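The sequence shown begins at 21 in this note's numbering and counts up by one. Just so you know, even glycine gets a beta-carbon here, dropped at the ideal spot from N, CA and C. These numbers come from a predicted model, not from an experiment. Below: the structure, in structure tokens.
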Amino acid sequence: AGRAREYFFRALEYLAPPPPVLIAVGGLSGSGKSRLAREIAPHLGAAPGARVVRTDAQRKRLAGIDLFDRLPPESYTPEASRRTYDACFDEAARALAAGQSVVFDAVSLKPQERDGIEALAGRHKAPFLGLWADAPLAVRLERVGSRRDNVSDARAEVARRQEETDLGDMTWTVIDSSGTRKNTVAGALAKIRDRGLA
Numbered sequence: 021a022g023r024a025r026e027y028f029f030r031a032l033e034y035l036a037p038p039p040p041v042l043i044a045v046g047g048l049s050g051s052g053k054s055r056l057a058r059e060i061a062p063h064l065g066a067a068p069g070a071r072v073v074r075t076d077a078q079r080k081r082l083a084g085i086d087l088f089d090r091l092p093p094e095s096y097t098p099e100a101s102r103r104t105y106d107a108c109f110d111e112a113a114r115a116l117a118a119g120q121s122v123v124f125d126a127v128s129l130k131p132q133e134r135d136g137i138e139a140l141a142g143r144h145k146a147p148f149l150g151l152w153a154d155a156p157l158a159v160r161l162e163r164v165g166s167r168r169d170n171v172s173d174a175r176a177e178v179a180r181r182q183e184e185t186d187l188g189d190m191t192w193t194v195i196d197s198s199g200t201r202k203n204t205v206a207g208a209l210a211k212i213r214d215r216g217l218a
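Written as structure tokens, this is what we have:
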């Protein structure tokens, strides 16, 4: 009976999909933000879930290289980052306009980057929640050091440098991402559900 009820409600979602939402997941390199973004996406919006818009992947598409190839340092200039965010904003805007929820996966170090993502949600009248994945440097260093076949180019030196960054006023909801993946995802989904967004 439980499974039949689940199928019934899933069918109703296809007939009358919920309005799209925009969830941003930011955090320093190695915080687990990209994994968190992928894990929460299936729980958001109409089936099969939210579209994940990832700056790491977009930056490599713009450069015309394979997702797992490393980019040179000049691909990380402020101008290159602006182009990357603009392309991600366009991708997210198309999804929202089509009624699909979006998870925006980006480091989002600068307040203006975070504000830009929130403004995008406002332009599309999409409910918004910003999540900030937070983990101590030691955890982040371990994670970036163990990466294999990862879209992100960030390594230990980037993680250390980010530690010194002034994030400005952090208005996003902080999620402890230092523990297990299961606990991090559960904590994020609880915050999302508290806001009525899933």
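Original post:
What residue does the beta strand (DSSP E) around R114 start on, and which one ends it?
Top reply: For R114, there is no enclosing beta strand (DSSP E); the residue is part of the alpha helix (DSSP H) that begins and ends at P98 to A117.
**OP:** Look at the alpha carbon of D86 and the alpha carbon of L42, and state the distance between them as a whole number of angstroms.
**Re:** Per the coordinates, the alpha-carbon of D86 lies some 27 Å from the alpha-carbon of L42.
**OP:** Can you give me the start and stop residues for the beta strand (DSSP E) that L149 sits inside?
**Re:** Here the beta strand (DSSP E) through L149 covers F148 to D154.
**OP:** Count the CB pairs spanning the stretch 44–61 and the stretch 155–165 that are closer than 8 Å, and state whether there are at least three.
**Re:** Yes, the stretch 44–61 is in contact with the stretch 155–165.
**OP:** Mind listing, in chain order, the continuous beta strand (DSSP E) runs of no fewer than 3 residues lying wholly within the stretch 62–100?
**Re:** You should have 71–74.
Original post:
So is S128 buried or exposed if we call it buried at 16+ other beta carbons inside 10 Å?
Top reply: Using a 10 angstroms sphere on the CB of S128, the tally of other CB atoms reaches 16 or more, which defines it as buried.
Original post:
Going straight from the alpha carbon of A112 to that of A218, what length do you get?
Top reply: C-alpha separation (whole angstroms): 18 Å.
Original post:
For R160, which residues of its own chain have a beta-carbon under 7 Å away from its beta-carbon, when the five flanking residues on both sides are left out?
Top reply: Cβ within range, chain order: L48, S49, G50, S51 and A179.
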